[in-house]
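For the record, in the sequence shown the residue sitting at position 11 is 10 according to numbering that gives the first Met the number 0, with numbers rising by one throughout.
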Amino acid sequence: MRITNGRVISGRVVVEGESLSEGATVTVLVPDEGAFTLTVEDEAALLESIAEADRDEVVDGSDVLKGLA
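Right, dumping it as structure tokens:
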């Protein structure tokens, strides 16, 4: 998994500086208001969190809620 940036041009998402294989599945996040940027540390933390989820190293939501009670 990697994070990259792109722009919408003529109704299509154009990825800047990345070569993606034809038919690749991508996820597009569109903020409701304005753009956001991540620090190098925040991006590293996000990528690690995604890797943990990919390895099924997650906590069930009901367990989190029980811990709050």
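Even glycine gets a Cβ: it sits at the ideal position worked out from N, Cα and C.
Item                                                           : Value
Proximity to VAL27 [Cα-Cα], best of VAL58, SER20, GLU40, VAL13 : VAL13
Backbone CA spacing between VAL57 and VAL63 [nearest angstrom] : 11 angstroms
Bridge partner(s) assigned by DSSP for ILE8                    : ARG11
DSSP-derived helix/strand/coil call for ILE49                  : helix
Cα-Cα separation, GLY16 to GLU32                               : 25 angstroms
Beta-carbon spacing of ILE2, GLU47 below 8 angstroms           : no
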